[in-house]
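Everything on this sheet refers to the single structure shown next.
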Ligand code: UDP
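In this note's numbering, the protein residues as written are 403 to 654.
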């Protein structure tokens, strides 16, 4: 499948049309932004890490019953995905206080919650992605009741799967942001990416940050943090995928 015209360029990714109107190619860049574009930079190798890591996690989630836009990894930076219309909500799930939650409610970072929380932001750069509740999202016709229920169900399922998966790698999944899309037939699928740009990962032993907070907060060691989390995920999933391949061969 070849890249045709550029249809969208975002902060961290480009999207290209293909010959198939229902498929597009996402191409991951090393560009990094934070604080709604106020802080800009590059993180060498980030595009490769985010592309490959997101694809591995999407494949894992698909196996666990979460439908996704993922179709096929084409190269280190390029992935074929189903074309969707993005639901303009950022869906944030949290297991531990951090970031805007800690700031908004005046609490420390690092307080574990008894149950995960979910919140939505309205995806609108001009308004700085304001927090929005589900009643307001419905009033603005951003999504239907049924779509919001589906999105919440999938988001918590993603959390269950990923929390357990990362715990095995010695990583605490603190919080993350998801985006969902509608396929041509209206079906809701997980879209966008799941990467150190969109998740907070803390080392389970040291609480060292292995995510984009190193860039946002000028903590240094940004590239190494991306490499470290990628190495852990790759090791774990390569082993699983090898096992699966072996099973398939044995079953023949
Ligand atoms: N997040 C994201 N994109 C955004 C805002 C947040 O991917 O535009 C992710 C962020 O990496 C973190 C989680 O969502 O894992 C919760 O972020 P928070 O609301 O605490 O905002 P922040 O402190 O990053 O501004």
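Using N, Cα and C, we set each Cβ at its ideal position, and we do this for glycine too.
Computed from a predicted model, the values in this text were never measured in an experiment.
Are the region 573-593 and the region 603-613 in contact at 8 Å, needing three or more beta carbon pairs?
Enough Cβ pairs lie closer than 8 Å, so yes.
Residue 527 in three-state terms, based on DSSP
Three-state result, residue 527: helix.
One or two residues paired with residue 575 in a DSSP bridge
Secondary-structure assignment with DSSP links residue 575 through a beta bridge to 603.
Assess, as a yes-or-no matter, whether the region 438-453 is touched by the region 500-508 under the definition of 3 or more beta carbon pairs within less than 8 Å.
Proximity of the region 500-508 to the region 438-453 falls short of the contact definition, fewer than three beta-carbon pairs being nearer than 8 Å.
Residue 489 vs residue 545 beta-carbon contact at 8 Å:
Going by C-beta atoms, residue 489 is nearer than 8 Å to residue 545.
Take residue 630 and list the residues in its own chain whose beta-carbon comes closer than 7 Å to its own, dropping the five residues that flank it on each side.
Same-chain partners within the cutoff: 612.
Given a threshold of 16 other Cβ atoms within 10 Å of its Cβ, counted over all protein chains shown, does residue 538 qualify as buried or as exposed?
Counting Cβ neighbours within 10 Å, residue 538 comes out exposed, since fewer than 16 surround it.
Which parts of the region 494-552 are runs of the beta strand (DSSP E), unbroken and 3 residues or longer, counting only runs that do not cross its ends?
Runs of beta strand (DSSP E) with 3 or more residues, each lying fully within the region 494-552, are found at 514-524, listed in chain order.
In its own chain, which residues sit with a C-beta less than 7 Å from the C-beta of residue 468, not counting the 5 before and 5 after it?
Within the same chain, and ignoring the five residues on either side of residue 468 in sequence, the residues whose Cβ sits closer than 7 Å to its Cβ are 556, 559, 560 and 592.
Where do the N-terminal and C-terminal ends of the alpha helix (DSSP H) with residue 451 fall, by residue?
It spans 448-465 - the alpha helix (DSSP H) in which residue 451 sits, taken as one unbroken run.
Cβ pair residue 554, residue 520 closer than 8 Å:
At a Cβ-Cβ threshold of 8 Å, residue 554 and residue 520 count as neighbours.
Specify whether the region 625-639 and the region 450-466 touch according to this definition: at least 3 beta carbon pairs, one from each stretch, less than 8 Å apart.
They touch, by the three-pair rule.
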